[in-house]
Amino acid sequence: GAVVSQHPSWVICKSGTSVKIECRSLDFQATTMFWYRQFPKQSLMLMATSNEGSKATYEQGVEKDKFLINHASLTLSTLTVTSAHPEDSSFYICSASYGTAIYEQYFGPGTRLTVT
Amino acid sequence: TQLLEQSPQFLSIQEGENLTVYCNSSSVFSSLQWYRQEPGEGPVLLVTVVTGGEVKKLKRLTFQFGDARKDSSLHITAAQPGDTGLYLCAGALYNQGGKLIFGQGTELSVKP
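Quick look at the structure:
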């Protein structure tokens, strides 16, 4: 149980274009979903927290107009990287939690974004 | 700034050796999670510790939560090449909506 999927698993896009990444909880309804960014050989950096039907809460230093997060249902959250630039190239990972143990996060497999 | 200091950051050992990874903070956590991540994949939850002083075992892995709930350790006995990966500790602060503070990670390499 507690399976989270992400789509796509990898994407290459041209500078200036936008890319949408989907995060789905497959066998549970997610109370909260989180979006992280990870650089090679480094730990996870939290970008934002989202709850279904409400606006995402962004961490300090994360541009909300560049990284658009939509949490339309209890099983789906999307991250759109707008006007992507090469420095946005990274590994993006989502996670989801549910029930009373909201501190237990279940992670998706990640999306490798490369901006050329 | 809430920090979770994880050490060592890199560890290369031979198969059969034991090792311990530490996570320390000045903050008190409501719970602490340990994850393992392989290259190109998302982290996988190994264990959650909630009670101060708690010890949990998962086969050859032993997890301990400090009495004051500010620190934790992961001990692996007789490491195997399959244990190779990035180990991450993550602490949950009170009243933060489930947000986790991650340690820097420990890159473990177990050579046969």
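If you read the sequences in order, they're chains A and E.
Here the working numbering is used: the first residue of the first sequence is 98, the next is one more, and so on.
Here the working numbering is used: the first residue of the second sequence is -6, the next is one more, and so on.
Where is the CB? At the ideal position from N, CA and C, for every residue including glycine.
| Query | Result |
| --- | --- |
| Neighbour list for F95(E) in chain A, Cβ cutoff strictly below 9 Å | Y133, S140, L141, M142, L143 |
| Partners in chain A for E100(E), counting only beta-carbon separations shorter than 9 Å | K138 |
| Burial state of W132(A) (16 or more Cβ within 10 Å) | buried |
| Proximity to I94(E) [Cα-Cα], best of G78(E), D76(E), F58(E), C16(E) | C16(E) |
| Chain A within 8 Å of L(-4)(E), Cβ atoms only | no |
| Burial state of F56(E), where buried means 16 or more other Cβ atoms lie within 10 Å | buried |
| Best match in R62(E), G78(E), Q30(E) for proximity to Y87(E) [C-alpha to C-alpha] | R62(E) |
| Closest Cα partner of T44(E) within the set E31(E), A71(E), L(-3)(E), A85(E) | A85(E) |
| Through-space distance from G46(E) to I166(A), alpha-carbon basis | 39 Å |
| Coil, strand or helix - D64(E) by DSSP | strand |
| Sheet register partners of N148(A) (DSSP bridge) | T129(A) |
| Burial state of P183(A), where buried means 16 or more other Cβ atoms lie within 10 Å | exposed |
| Selection from A72(E), G59(E), L101(E) that minimises the alpha carbon distance to Q106(E) | Residue 106(E) falls outside the range modelled here, since chain E spans only -6 to 105, and no answer is possible. |
| Exposed unless 16 or more other CB atoms sit within 10 angstroms - verdict on I118(A) | buried |
| Contacting positions in the stretch 62 to 92 of chain E - beta carbon closer than 7 Å to chain A | L81, A85, G90, G91, K92 |
| Span of the beta strand (DSSP E) around Q57(E) | 54 to 58 |
| Contact under 8 Å by Cβ, L79(E) with T13(E) | no |
| Residue environment, R121(A), which counts as buried when at least 16 other CB atoms sit within 10 Å | buried |
| Opening and closing residue of the beta strand (DSSP E) in which V48(E) lies | 48 to 51 |
| Burial state of I69(E) (16 or more Cβ within 10 Å) | buried |
| W107(A) versus Q157(A) - alpha carbon distance | 26 Å |
| N-terminal and C-terminal residue of the beta strand (DSSP E) that T177(A) is part of | 173 to 178 |
| Spatial distance of D162(A) from P105(E) (CA atoms) | 48 Å |
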